[in-house]
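Numbering (our numbering), first residue to last: 99 to 461. Reviewing the structure listed below.
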Ligand SMILES: Cc1ncc(COP(=O)(O)O)c(C=O)c1O
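Right, here's the structure in full:
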């Protein structure tokens, strides 16, 4: 049988493993920070109608500029931020924010260039760096995984990256960073600064977001997703907000017609029901706050989270506890941080079941 080693594979891909969280079929999947609430039936019906209409012209290529989707995303983004109004020219979209990040590094990273991130952070950041031939360089965080304007600027000045990735709220720690940190990163950097806001909707209502800083900062990009708060992970829709010149740069690297007409139609329909789609966010925040309160009572200190998941410590053997929970049909995530595990805030019932089972296990 032919193995990978027998193929003339790119040297830098040799010995690599494909990324992927375990996909065990379990009753309680709390491992990849999905929204565990299915979308309401009324929205599903409206999406089906939109898909049926899109199918009427499925013999044609989709709108390469995904105009309706960009307009709908701009309207949605404007409803969530305080900066200057964003228009569709400042919006990009792709198949999940992972693809958005890939486009950003294809355009602004690449061979001979580097991207700076601050681990522990979203593991795909360094993987997308590698797959686009961009050198990944790591900055150090302070105590309790903290970042500050000083920490970020010092690392940028020392490492002089072409791109800086910040993630807020950060996966896997859950902590949000202040706008001062983002401004400091922008000032210190000569390159692009990308703020990954995949979990932005789980911040306390009214919190500032990086999109408030876009005016006058052409090197700033803000990536977001419909996978989390919008409960749309299976549809694969991520987007990015930036100066129109940045969007022009991303056009240079996307494949033509990268967003199918079905994806575009489904996303536009979902966005026309934003209020209903986001009606579960309050409950998810509530379940996250329950985890933040209850886990310490069970002997597991938590990292304060503003996302839909909680990283908890005090786990003497993460693999063992992971296995014990799995035996009860609960899948959470070992993110490779010593003595820590991460759990997604699920529905009230899922969160209760997780906490009840955990209470029966020693740490
Ligand atoms: C911080 C962060 N960014 C981006 C993503 C990717 O999301 P998607 O590709 O589903 O939009 C995730 C997924 O877990 C994430 O945690």
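Glycine included, every Cβ here is placed at the ideal spot set by N, Cα and C.
Residue environment for residue 382: buried (at least 16 other C-beta atoms within 10 angstroms of its C-beta). For residue 451, the enclosing alpha helix (DSSP H) stretches over residues 446-457. Close CB contacts of residue 356 within its chain, under the 8 Å cut and outside five residues either way in sequence, are with 192, 193, 197 (chain order).
Close CB contacts of residue 251 within its chain, under the 6 Å cut and outside five residues either way in sequence, are with 282, 286 (chain order). Under the criterion of beta carbons closer than 8 Å, residue 145 and residue 368 qualify as touching, at roughly 6 Å. In this structure, residue 265 has its CB closer than 8 Å to one or more heavy atoms of ligand 1. Between residue 312 and residue 189, the C-beta gap is not smaller than 9 Å, which leaves the two residues out of contact.
DSSP places residue 321 inside the beta strand (DSSP E), whose first and last residues are 318-323. With contacts defined by Cβ atoms closer than 9 Å, residue 329 and residue 137 form a contacting pair. The DSSP-derived three-state label of residue 428 is strand. When the alpha-carbon of residue 352 is set against those of 334, 305, 301, 202, the nearest one is in 202.
A direct Cα-to-Cα measurement between residue 152 and residue 380 gives close to 32 Å.
DSSP places residue 146 inside the alpha helix (DSSP H), whose first and last residues are 139-153. DSSP places residue 346 in the helix class (H, G or I) of the three-state scheme. If the five residues before and after residue 129 are omitted, its C-beta is found closer than 6 Å to the C-beta atoms of 119, 429, 430, 431, all from its own chain and listed in chain order. Taking C-alpha positions only, residue 220 is separated from residue 269 by approximately 5 Å. When C-alpha distances from residue 324 are compared across 308, 309, 372, the shortest belongs to 372. In the three-state scheme derived from DSSP, where H, G and I count as helix and E and B as strand, residue 315 is classed as coil. The region 446-457 and the region 381-397 touch, with no fewer than 3 CB-CB distances between them shorter than 8 Å. The beta-bridge partner set that DSSP reports for residue 439 consists of 410.
Rounded to the nearest whole angstrom, the CA to CA distance from residue 168 to residue 338 is 10 Å. Around residue 400, the same chain offers 389, 390, 393, 394, 408, 409, 410, 411 as residues with beta carbons nearer than 8 Å, after the five sequence neighbours per side are excluded.
Taken through DSSP and simplified to helix, strand or coil, residue 186 comes out as helix.
Between the alpha carbons of residue 187 and residue 341 lies a distance of about 8 Å.
For residue 335, the CB falls within less than 8 Å of some heavy atom of ligand 1. The C-beta separation of residue 235 from residue 257 comes to about 5 Å, placing the pair in contact by the 8 Å criterion. With 16 or more other Cβ atoms inside 10 Å of its own Cβ, residue 160 counts as buried. At a threshold of 8 Å, residue 188 does not count as near ligand 1, since its beta carbon sits no closer than that to any of the ligand's heavy atoms. Looking at 179, 103, 421, the one whose alpha-carbon comes closest to that of residue 310 is 179.
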